[in-house]
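Down below is the structure, laid out as structure tokens.
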Amino acid sequence: MRIVVLTGAGISAESGVPTFRDAGGLWEGHAVEDVATPEGFERDPDTVLRFYDARRRGAAAVAPNAAHRALARLEGAIGPGLLVVTQNVDDLHERAGTRNLVHMHGELRMALCTACGSHVRWTEDLIDRPPCPVCGEPSLRPDVVWFGELPYELDRIEDAVVACDAFVSIGTSGAVYPAAGYAALAAAFGARTVELNLEPSDALIPFDDARTGLASVRVPAWVDEVIAART
């Protein structure tokens, strides 16, 4: 069985990772265009670097929850048949044990060198302009996909969505593309679609199975069902 799981902010919120964008469209009191666009970084790099340094430290201080652990358990049961595609930039899936994983919006624990284009593992602050480990230039920025930039590994994701038997959306609003279109794409190729979310999303088409509630409750229960069906 081939399963693609798409996760969003809702799965990490229960671990204490802020969803950042509030009802007023602000991220921690900042306008999105100031801290999540290339133009914002060009205008005021110090504010952007401090913002993501704080996010990196905050994510390191929390732990995976039952939903993250359940997906790692599912990977242990079905192996490479499971691909987790996350819109989140934290590393909670990895720390829970998931390995077959795509961070389509980048990672807080990675840095991108604007001088040489290298992607490097990074855990420290960037505000002091440390040199790139590859080229030596002080040109590191967060390796996070900002608005107006192309998400990572889109071909791999689309190939997996088209070929999957089940597509599962967890903790995501279904409002940001291209991720918002994956459920409809999977359904068009015959996959069963499942949504596990705190409240129904703005999906293009109805899910075959939509369950509302906390991810820490709904995801382990769904994983139990999938594993039981295989035995």
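Mapped onto UniProt numbering, the consecutive letters of the sequence shown carry residue numbers 1 to 231. Yeah, the Cβ is synthetic: ideal placement off N, Cα and C, and Gly gets one too.
message = Could you give the first and the last residue of the continuous beta strand (DSSP E) run that contains V120?
response = 119-121
task = Could you name the residues of the same chain whose beta carbon sits closer than 8 angstroms to that of Y152, not counting the 5 residues immediately before and after it, in chain order?
result = V102, H103, M104, H105, G106, V145
key: Buried/exposed call for R57, threshold 16 Cβ in 10 Å   = exposed
ask   = Helix, strand or coil for S201 per DSSP?
value = coil
task = Leaving aside the five residues before and after V48 along the sequence, list all residues of the same chain whose C-beta is less than 7 angstroms from its C-beta, in chain order.
result = V35, G40, F41
task = Determine the DSSP secondary structure at G106, reduced to helix, strand or coil.
result = strand
ask   = Given that a residue counts as buried once 16 or more other Cβ atoms are within 10 Å of its Cβ, and exposed if not, what is I205?
value = exposed
Alpha-carbon spacing of S169 relative to D224, whole angstroms = 17 angstroms
task = Name the two residues that bound the continuous beta strand (DSSP E) containing L82.
result = 82-86
ask   = Are R109 and D91 close, meaning C-beta to C-beta below 7 angstroms?
value = yes
query = On the premise that E137 lies in contact with C164, defined as a C-beta separation below 8 angstroms, what is that separation, rounded to the nearest angstrom?
reply = In fact, because the Cβ distance is near 41 angstroms, the residues do not count as touching under 8 angstroms.
request  = Under 6 angstroms Cβ to Cβ from E33, same chain only, skipping five residues before and after it: list those, please.
outcome  = G40
As assigned by DSSP and simplified to three states, the class of F207 = coil
message = Please report the distance separating the alpha-carbon of I11 from that of C132.
response = 32 angstroms
Boundaries of the alpha helix (DSSP H) in which F41 is found, first to last residue = 38-43
task = Report the option in R43, S118, V17, P80 whose CA atom is closest to the CA atom of V62.
result = V17
query = Does DSSP put S216 in a helix, in a strand, or in coil?
reply = helix
task = Give the single residue among A229, L154, I227 whose Cα lies nearest to the Cα of L6.
result = L154
query = To the nearest angstrom, how far is it from the Cα of A179 to the Cα of I157?
reply = 9 angstroms
message = If I follow the unbroken alpha helix (DSSP H) through R2, where does it start and stop?
response = That residue, R2, is in no alpha helix (DSSP H); it is neither H nor E in DSSP.
request  = Taking the CB atoms as reference points, tell me whether T98 and V120 lie closer together than 7 angstroms.
outcome  = no
message = Please return the same chain residues whose Cβ sits closer than 7 angstroms to the Cβ of A70, not counting the five positions on each side in sequence.
response = V219, P220, V223
ask   = Hey, how far is the Cα of L185 from the Cα of F207?
value = 12 angstroms
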